[in-house]
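Trainee:
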Amino acid sequence: MSKDKEILTISELPVEEIYTSSKSTLNASGEYPYTRGIHKNMYRGRVWTMRQYAGFGTARETNERYKYLLSKGTTGLSVAFDLPTQMGRDSDSPFSLGEVGKVGVAISSIEDMRTLFKDIPLDKVSISMTINSTAAILLSFLLVLAEEQGVEWSKLKGTIQNDILKEYIARGTYIYPPKEALRIVTDIFDFCRTDVPNWNTISISGYHIREAGSTAVQELAFTLANACSYVEAALRKGLKIDDFAPRLAFFFNCHNDFLEEVSKFRAARRLWAKLMKERFGAKKEKSLMLRFHTQTAGSSLTAQQPLNNVVRTSLQAAAAVLGGTQSLHTNSYDEALGLPTEEAATLALRTQQIISEESGLKNSVDPLGGSFLIENWTDRIEAEALGLIQKIDEMGGMLKAIENNFPQDEIERAAYDYQKRIEKNEINIVGVNKYDETEGDEVKILKPDPKGEQEQVRRLASLKEKRDSKNVKALLAELNEVAIGTQNLMPVIIKCVKNNITLGEISNVLRNVFGEYS
């Protein structure tokens, strides 16, 4: 290979032939600014949560998958909701036709939530819910169900994504305008601070930013810029930084460039600790700690030669562990073709278990710390991400940047550049633009029961028929008044849920008051 040829990471950061020194001064793990990990002994004390993301069809079908995953050793559940649920539409809405249960589980009512977690004790299993615009409603469903199970809210552990800003940037499942959506986010912060103290009230997500085509630096910068916007919104509401910051959590992607991803996670911890301490004046140690969940990169999976995805996911999972993640989801090899089968989901979980039990990676804290390459890349990613955050600050913050399409344009440009590099064979993808001479492996594809949508609509009609319609009307009027005013929305939403008012009905009231964003 020519010495003059420049080698780049997949995020287009230059790679030197050899690194012989580093400017970094490394503190111990568990010490500010947490470059080496937020806990002193990391996985020697407690292994990361193996949280497999799942949801499809009806609540009954997904409940069966959850029990299957738990029987195989999953230590946390992560709920994937269908598009109507994410967009605030009941399964019987004309807008939902053909989409019910397709990309996640359909949840329209407290009855669906009861079925989803039937025979699953909420005080024993950590629950994560990937839900944003309707996060307050889904959390209310869970809280009401916990009461019915006799579980105190203080004993609930888990996370709602509740990260609305990245929806405007990268994902698109927004309903309300940003200002009103931020009100719902901070109402959840305020309510859970006292009523559900061990619940993570937000999972600020870089995952979807990366899936949309961003670089590693953009993923980190835009995620932390979003986080700063949430902190500022909560402070404007009158909350104190150390009252809510310890329950902020993050969600990152782990892509193909192994060493870049390890460096990204280390840079993320250090940059967030500095932002919280220096910009926001946080004092509590837990307010400074960036705690994050990782999912392996769905966009890196290929439909061609799908068994190759097992290797990709294994490497990405190992990078997440070496980067110090607190929980992890490993994608199934068949996800470029359809929903994961039980066999593929089991293998994805076994991947984590083998890394934990057989690889030795958990036995030492920050095993790559002190590597000249890793320390140089950690410094560089932190500096470049901070530069982007400062550029966003100069625009007036992330809300202004989103209005100006800055992050959207930057991600679009990065995605286009990445695709061009693949087409020029500057980036090789095995089975796609290199070693693509075979047709690939035949795999079984999961096909949900097509009768599931009809079953769901019938259940919803039965629920609406049995309830007290006058009570429903009165409670929706109360919700309307609270939405017009400034009171916290959570108590009245919980009251609605207890009285069998549906997700779509609650969302429609908020639509009428807040309007819809386009």
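For what it's worth, the numbering used here labels the leading residue of the sequence shown as 1, then goes sequentially.
Ideal Cβ positions, reconstructed from N, Cα and C, are used throughout, including at glycine.
#1: From Phe-356 to Lys-400, what does the alpha carbon distance come to, in whole angstroms?
#2: Helix, strand or coil for Pro-33 per DSSP?
#3: Quick one: grab the DSSP three-state call for Phe-189.
#4: Measure the alpha-carbon distance for Thr-9 versus Asp-242 and round it to whole angstroms.
#5: On the DSSP bridge list, what partners appear for Tyr-53?
#6: DSSP puts Ala-317 in a beta bridge; with which residues?
#7: Quick check: what's the CA-CA separation for Lys-470 versus Lys-447?
#8: So, using beta-carbon positions, are Cys-254 and Glu-261 closer together than 7 Å?
#9: Alpha carbon to alpha carbon, what distance is there between Thr-302 and Glu-437?
#10: Once the 5 residues before and after Ser-2 are set aside, which same chain residues still bring their CB inside 8 Å of it?
#11: Among the residues of its own chain, which have a CB less than 6 Å from the CB of Ser-332, if the five just before and after it don't count?
#12: So what does Leu-8 bridge to, in DSSP terms?
#13: Cβ atoms of Thr-159 and Ser-128: under 7 Å apart, would you say?
#14: Run the CB neighbour count on Asp-123, radius 10 Å, all protein chains shown included, and call it buried at 16 or more, exposed below.
#15: Whole angstroms are fine: how far does the CA of Leu-220 sit from the CA of Asn-308?
#16: Could you check if Ser-21 belongs to the surroundings of the ligand FAD, using beta carbon to heavy atom distance under 6 Å?
#17: Spatial neighbours of Tyr-19 within its chain, please: CB distance less than 6 Å, with the 5 preceding and 5 following residues excluded, ordered by chain position.
#18: Out of Ser-314, Gln-295 and Leu-337, which has the shortest C-alpha to C-alpha gap to Gln-326?
#19: What is the residue span of the beta strand (DSSP E) that Asn-253 lies within?
#20: Work out the CA separation of Ala-106 and Glu-342 for me, nearest whole Å.
#21: Cα-Cα, which of Gly-55, Ile-506 and Phe-81 is closest to Leu-69?
#22: I'd like the list of long-range same chain contacts for Asp-195, defined as Cβ closer than 7 Å, with 5 residues on each side in sequence excluded.
#23: Can you have a look at Gln-487 and say buried or exposed, based on whether 16 or more other CB atoms are within 10 angstroms of its CB?
#24: Helix, strand or coil, according to DSSP, for Thr-378 in the structure here?
#25: Do Tyr-34 and Arg-269 have their C-beta atoms closer together than 7 Å?
#26: Based on the DSSP output, what are the partners of Ile-137 in its beta bridges?
#27: In the DSSP assignment, find the unbroken beta strand (DSSP E) run with Leu-328 in it and report its ends.
#28: Among Val-497, Ala-135, Val-457 and Pro-407, whose alpha-carbon lies nearest the alpha-carbon of Gly-98?
#29: Is it buried or exposed for Ser-518, if we count other Cβ within 10 angstroms and need 16 for buried?
#30: Select from Tyr-207, Leu-145, Val-217 and Gly-238 the residue whose C-alpha is nearest the C-alpha of Phe-191.
#31: Is Val-311 buried or exposed, if buried means 16 or more other CB atoms sit within 10 Å of its CB?
#32: Any contact of the region 480-496 with the region 57-77, i.e. 3+ C-beta pairs under 8 Å?
#33: Give me the residue from Lys-274, Lys-179, Ala-146 and Phe-514 with the minimum Cα distance to Arg-236.
#34: Compute the distance between the beta-carbons of Asp-92 and Leu-460, then report whether it is under 7 Å.
#35: Pick out whichever of Thr-85, Met-87 and Asn-63 has its Cα sitting closest to the Cα of Leu-77.
#36: Just the C-alpha distance for Ala-135 and Lys-23, rounded to the nearest angstrom, thanks.
Mentor: Reading from the atomic positions:
#1: Reading off the sequence shown, one finds Ser at residue 356, where the question assumed Phe. Taking the straight line joining both Cα atoms gives about 43 Å.
#2: Taken through DSSP and simplified to helix, strand or coil, Pro-33 comes out as coil.
#3: Assigned with DSSP and collapsed to three states, Phe-189 falls in helix.
#4: Straight-line Cα distance between these residues: approximately 38 Å.
#5: Answer is Ser-78, bridged to Tyr-53.
#6: Note: Ala-317 is not bridge-paired with any residue in the DSSP secondary-structure output.
#7: Straight-line Cα distance between these residues: approximately 41 Å.
#8: Yes. Within cutoff.
#9: Glu-437 and Thr-302: Cα-Cα distance of roughly 15 Å.
#10: Summary for Ser-2: the model assigns pLDDT 45, below 50, so the residue's position carries little reliability; its value from the coordinates is reported in the next sentence. Result list for Ser-2: empty, nothing under 8 Å.
#11: Taking Ser-332 as the centre and dropping the five residues before and after it, the same chain places the C-beta of Pro-340, Ala-344, Ala-345 and Ala-348 closer than 6 Å to its C-beta, in chain order.
#12: Bridge partners of Leu-8: Pro-14.
#13: Cβ distance < 7 Å, so Ser-128 and Thr-159 count as in contact.
#14: Its Cβ having fewer than 16 others within 10 Å, Asp-123 is exposed.
#15: If I take the Cα positions, the gap works out to 28 Å.
#16: In the structure shown, the ligand FAD is absent, as is every other ligand, since no ligand is present at all.
#17: Taking C-beta separations shorter than 6 Å and ignoring five residues to either side along the sequence, the partners of Tyr-19 in its chain run Phe-372, Leu-373 and Asn-376, following chain order.
#18: Looking at the Cα atoms, Gln-295 is the closest of the given residues.
#19: Here the beta strand (DSSP E) through Asn-253 covers 248-254.
#20: Separation of Glu-342 and Ala-106 (C-alpha to C-alpha, rounded to the nearest whole angstrom) is 19 Å.
#21: Taking only the C-alpha atoms, the option nearest Leu-69 is Gly-55.
#22: The residues are Trp-153.
#23: Taking every protein chain shown into account, the CB of Gln-487 has fewer than 16 other CB atoms within 10 angstroms, so this residue is exposed.
#24: If DSSP states are grouped into helix, strand and coil, Thr-378 belongs with the helices.
#25: In contact: Tyr-34 and Arg-269 (Cβ atoms closer than 7 Å).
#26: Per DSSP, none; premise fails for Ile-137.
#27: For Leu-328, the enclosing beta strand (DSSP E) has its first and last residue at 327-329.
#28: Among Val-497, Ala-135, Val-457 and Pro-407, the Cα nearest to that of Gly-98 belongs to Val-457.
#29: The residue is exposed, with fewer than 16 neighbouring Cβ atoms inside 10 Å.
#30: Considering only Tyr-207, Leu-145, Val-217 and Gly-238, the residue with the shortest C-alpha distance to Phe-191 is Gly-238.
#31: Exposed: under 16 other Cβ atoms inside 10 Å.
#32: Proximity of the region 480-496 to the region 57-77 falls short of the contact definition, fewer than three beta-carbon pairs being nearer than 8 Å.
#33: When only C-alpha atoms are compared, the closest one is Lys-179.
#34: In contact: Asp-92 and Leu-460 (Cβ atoms closer than 7 Å).
#35: Nearest neighbour of Leu-77 by Cα position, chosen from Thr-85, Met-87 and Asn-63, turns out to be Asn-63.
#36: Distance from the CA atom of Ala-135 to the CA atom of Lys-23, rounded to whole angstroms, is 43 Å.
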